[in-house]
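Worksheet for the structure shown next.
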Amino acid sequence: MALGISANQIKFFSLPQGGSITLFSMIFVVFIGYMFGLRVGLIAGITFGLLNLLIKPEVYTPVQAIIDYILAFGSLGLGGLFAKKKDKLIFAYILAITGRFIFAVFSGYVFFGTYAPKGWNPLFYSIWYNFSYIGTEGIITVLLLLIPVVRNTLEKLKSSNFKTN
Numbered sequence: 003m004a005l006g007i008s009a010n011q012i013k014f015f016s017l018p019q020g021g022s023i024t025l026f027s028m029i030f031v032v033f034i035g036y037m038f039g040l041r042v043g044l045i046a047g048i049t050f051g052l053l054n055l056l057i058k059p060e061v062y063t064p065v066q067a068i069i070d071y072i073l074a075f076g077s078l079g080l081g082g083l084f085a086k087k088k089d090k091l092i093f094a095y096i097l098a099i100t101g102r103f104i105f106a107v108f109s110g111y112v113f114f115g116t117y118a119p120k121g122w123n124p125l126f127y128s129i130w131y132n133f134s135y136i137g138t139e140g141i142i143t144v145l146l147l148l149i150p151v152v153r154n155t156l157e158k159l160k161s162s163n164f165k166t167n
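For the sequence shown, the numbering used here assigns the number 3 to the initial residue and increments by one for each residue that follows.
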């Protein structure tokens, strides 16, 4: 968790209504679920979201805060669905960030649709806006995970000393 929060503070690019490309911050949270299971993963994701809320809150309404910080970040714990599987870290990561992306798009459409440029459909704008940072960081992280030494090291860490639920 500490690595994820630390990596989340290293931002390569930040958008005006929130969202940024960080130093692989989501993989640290997803990996917790991947190692320990869905329940622990969801707790880790929600904790990550609440810590982000405390560090740099971007809250416009209470419902938006719940969607953006609890549900969206909590969905990073979905990687825990692959805890009992071997060599599925990339699938776990893609599922988890897809969950986060869906909540972010919903929040963007409902709460930030007015920021859509003239002529843009608010839903398509939210998809584009959120993909520009979640999708970009996701693609970069998957490319990192495709490097055999990185993937194999994480898989070995998972199987070496830790039992899943």
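Ideal Cβ positions, reconstructed from N, Cα and C, are used throughout, including at glycine.
Bear in mind the structure is a predicted one, so any value in this text is a computation, not a measurement.
Look at PHE114 and SER134 and say whether their C-beta atoms are less than 8 Å apart.
-> no
Enumerate in chain order the residues of its own chain whose CB-to-CB distance from PRO124 is below 7 Å, with the five nearest sequence positions on each side excluded.
-> TYR111, GLY115 and ALA118
Cβ of PHE133 versus every heavy atom of the ligand COA: is any distance shorter than 7 Å?
-> Ligands are entirely absent from the displayed structure, and the ligand COA is therefore not among its contents.
From the DSSP output, in three-state form, read off PHE75 for me.
-> helix
Return the first residue and the last residue of the alpha helix (DSSP H) that ILE23 is part of.
-> Counting along the chain, ILE23 falls outside any alpha helix (DSSP H), though it belongs to the beta strand (DSSP E) covering 22–24.
Along the chain, where does the alpha helix (DSSP H) that runs through SER8 open and close?
-> 4–10
Three-pair Cβ contact test at 8 Å for the segment 53–67 versus the segment 85–101 = no
Which two residues bound the contiguous beta strand (DSSP E) that contains PHE14?
-> 13–16
Based on Cα-Cα distance, which residue from SER8, LYS13, ILE12 and GLU157 lies nearest to LYS86?
-> GLU157
Using three-state DSSP, classify LEU148 as helix, strand or coil.
-> coil
Mind checking which residues open and close the alpha helix (DSSP H) that includes ILE99?
-> 91–114
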